[in-house]
Ligand SMILES: C[S@@+](CC[C@H](N)C(=O)[O-])C[C@H]1O[C@@H](n2cnc3c(N)ncnc32)[C@H](O)[C@@H]1O
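In the working numbering, the protein residues as written are 8 to 271.
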């Protein structure tokens, strides 16, 4: 399990993450999960932030998924895919990284439906294919959420749900140096270091209202928002802020949110 540093204001970041302070080496690709798929997957498996905060939160939000057809968008090495399958869901996993999907296939088996897909592109599924889309810790790699959320909505059935987790916008804002205008959408690059080798990852931070507006603009009902806590059975606790989760429903005649904006 990684050590989660308690930076000022309770910002939780693992100690293998540091801001990129020097100009980047242009020969090293950014956000190249293929380069560290094994190392990141091993870290993600048992880490406090992933295994004991984010993943339990997402599985709890998903609730009873038995028999539901679910798209795991940005599935990585498939830990959430596996958890949803164990609960009876029929899950398709997509990710931009073939290396991460190779780890997922080792976990999930040859018959798992796993495909290389970049979430900035149209999704290779028919309208209304899925009951749920889950997107764990992936949307913050995208500058523009609009086309991606519109595609997610398209492949969901009426009443279907998009469950998404992202780095908490306040964490990202507090971590950026110099601190940017909160109201702007800004990017910053961190270095993730595994076995003495560092890899650059660029994250897009946006204000909370830009996130909720993006769901609504894509045709979802106003999302429910939550800030996950450490799971009760975790070996240690973290009281700071880490992630934000959204549950956004596609309008339907039985829509439980009762909003008038998009339901007609
Ligand atoms: C932090 S990992 C999370 C993986 C998994 N969802 C989980 O929570 O364990 C982020 C994943 O998003 C994927 N990713 C990043 N940008 C992407 C994009 N544009 N399209 C599809 N996948 C992307 C990466 O390859 C990586 O597997």
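We put the CB at the ideal spot given by N, CA and C, even for glycine. Every value quoted in this text rests on a predicted model; they were computed, and no experiment measured them.
Have a look at residue i and residue j and give me their C-alpha separation to the nearest angstrom.
i           : j           : result
residue 5   : residue 239 : With the chain running from 8 to 271 in the structure shown, residue 5 is simply not present.
residue 30  : residue 150 : 21 Å
residue 95  : residue 118 : 16 Å
residue 148 : residue 127 : 10 Å
residue 20  : residue 90  : 24 Å
residue 32  : residue 154 : 30 Å
residue 82  : residue 142 : 7 Å
residue 100 : residue 192 : 28 Å
residue 196 : residue 27  : 6 Å
residue 161 : residue 136 : 9 Å
So what does DSSP say about residue i, is it helix, strand or coil?
i           : result
residue 20  : strand
residue 72  : coil
residue 6   : Within the shown structure, residues of the chain are numbered from 8 to 271, placing residue 6 beyond reach of any answer.
residue 155 : helix
residue 27  : coil
residue 42  : helix
residue 309 : This structure does not reach residue 309, given that the chain is present from 8 up to 271, and the question cannot be answered.
residue 205 : strand
Are residue i and residue j close, meaning C-beta to C-beta below 8 Å?
i           : j           : result
residue 186 : residue 214 : no
residue 140 : residue 108 : no
residue 138 : residue 212 : no
residue 84  : residue 105 : no
residue 178 : residue 233 : no
Consider the C-beta atom of residue i and the heavy atoms of ligand 2; say whether any pair is separated by less than 7 Å.
i           : result
residue 194 : In terms of ligand content, the structure shown lacks ligand 2 and carries ligand 1 instead.
Per DSSP, residue i is paired with what?
i           : result
residue 223 : Answer is none; residue 223 lacks a bridge partner.
residue 211 : 194
residue 1   : No information on residue 1 is available, as it lies outside the stretch 8 to 271 that the chain covers here.
residue 163 : 137
residue 37  : Partner(s): none; residue 37 has no beta bridge.
residue 121 : 100
Practice task
Count the CB pairs spanning the region 44-63 and the region 244-256 that are closer than 8 Å, and state whether there are at least three.
Solution key: Taking a contact to require three or more Cβ pairs closer than 8 Å, the region 44-63 and the region 244-256 qualify as touching.
Handout entry: Stretch pair the region 219-226 + the region 37-50: three plus CB contacts closer than 8 Å
Key = No, they do not touch.
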